[in-house]
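For reference, the structure is listed below as structure tokens.
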Amino acid sequence: AGSISFSAATYAAPESAPHVLLTIKRTGGAAADVSFDFATEDLTAVSPDDYLGTNFTILLASNELSRTIDIPIQSDRLPEGNEVFRATLRNPSPGARLGPITNALVTIQDDEVSLQFSAAAITNRENSSQVVLTVERTGPLNTRASVDVTTVAGSATAGLDFAPTNFTLQFPLGARQKKV
62 AGSISFSAAT YAAPESAPHV LLTIKRTGGA AADVSFDFAT EDLTAVSPDD
112 YLGTNFTILL ASNELSRTID IPIQSDRLPE GNEVFRATLR NPSPGARLGP
162 ITNALVTIQD DEVSLQFSAA AITNRENSSQ VVLTVERTGP LNTRASVDVT
212 TVAGSATAGL DFAPTNFTLQ FPLGARQKKV
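Following the numbering used here from start to finish, the sequence shown increments by one per residue and tops out at 241.
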């Protein structure tokens, strides 16, 4: 019946992908049918919000050496970082055995960009001529990003306590933070 294993210990797909494909392979002993259980388990990725978890029995017919499992990915608009779930192979039928990779980690690569100040509040001396703020970027760095920056009067008075400012801050490819 052979040995049943994932073809890799890790898999990844962008969050915008419709699914991630996991390959299960059988080595040796392909003359007979073999069955085993396949299941997913939430880690930082949660079903059904991030992917569609599943749990079922797979039957590989005689001479069937591999099977590809399609796990649907659920895209969202939340900048939450990469998320991970686990896929597991268990309970092979008599005569079959589990191979070297029975657990695979699947990473859903976040595709949203988030821009925010590095600190919620900044205190500056009144006699200081400027304040430096850091804007941080989370999410993929393989695209450009921009954000409009505008100063707004709170307890300080525009034109008296600070110079009103309005501009677009540009993040080039690969930039994780910018100072303004």
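Beta carbons are placed, not taken as given, at the ideal position from N, Cα and C, and that holds for glycine.
Bear in mind that the values here come from a model prediction, so they are computed numbers and not experimental data.
Item to check | the segment 227 to 241 in contact with the segment 194 to 206 per 3-pair CB rule at 8 Å | outcome: A contact is defined here as three or more CB-CB pairs under 8 Å, and the segment 227 to 241 meets this definition with respect to the segment 194 to 206.
Checklist entry - Exposed or buried, GLY244, counting other C-beta atoms within 10 Å across all chains shown (16 or more means buried)? => result Given a span of 62 to 241 for the chain in the structure shown, any question on residue 244 remains unanswerable.
Checklist entry - Is the beta carbon of SER190 less than 8 Å from the beta carbon of PRO140? => result On the sequence shown, position 129 is the one that residue 190 refers to. On the sequence shown, position 79 is the one that residue 140 refers to. No, the pair does not count as a contact, with Cβ atoms beyond the cut-off.
Item to check | Rounded separation between ALA180 and VAL95 - CA only | outcome: Translated into positions along the sequence shown, residue 180 becomes position 119. Translated into positions along the sequence shown, residue 95 becomes position 34. Here the C-alpha atom of ALA180 lies approximately 57 Å from the C-alpha atom of VAL95.
Next on the checklist: Using the three-state DSSP reduction, which class does GLU144 fall into: helix, strand or coil?
Outcome noted: For this step, residue 144 is matched to residue 83 along the sequence shown. In this structure, DSSP gives GLU144 an extended state, which the three-state scheme calls strand.
Checklist entry - Nearest-angstrom Cα distance between THR84 and ILE130? => result The residue given as residue 84 occupies position 23 in the sequence shown. The residue given as residue 130 occupies position 69 in the sequence shown. Rounded to the nearest angstrom, the gap between the Cα atoms of THR84 and ILE130 is 6 Å.
Item to check | Sheet register partners of ARG151 (DSSP bridge) | outcome: Here residue 151 is taken as the residue at index 90 of the sequence shown, counted from 1. DSSP links ARG151 through a beta bridge to ASP98.
Checklist entry - By Cβ distance, which residues of its chain are closer than 7 Å to LEU126, with the 5 residues on each side in sequence left out? => result The sequence position of residue 126 within the sequence shown is 65, counting from 1. In the same chain as LEU126, and ignoring 5 residues on each side of it, the C-beta atoms closer than 7 Å to its own belong to LYS86, ARG87, ALA91, in chain order.
Next on the checklist: Assuming GLN177 is part of the beta strand (DSSP E), what are its boundary residues?
Outcome noted: Taking the sequence shown and counting its residues from 1, one reaches residue 177 at position 116. 175 to 178 is the span of the beta strand (DSSP E), which, as asked, contains GLN177.
Checklist entry - Name the DSSP beta bridge partners of ALA219, please? => result Taking the first residue of the sequence shown as position 1, residue 219 is located at position 158. Its beta-bridge partners are PHE223.
Next on the checklist: Taking the straight line between their C-alpha atoms, what separation do you get for THR211 and HIS80?
Outcome noted: For the purposes of this step, residue 211 is taken as the residue at position 150 of the sequence shown. For the purposes of this step, residue 80 is taken as the residue at position 19 of the sequence shown. Take the alpha-carbon of THR211 and the one of HIS80: they are about 40 Å apart.
Checklist entry - Using the C-alpha atoms, what's the distance from GLU187 back to ASP222? => result Locating residue 222 in the sequence shown gives position 161, where the first residue counts as 1. Locating residue 187 in the sequence shown gives position 126, where the first residue counts as 1. So the two alpha carbons sit approximately 8 Å from each other.
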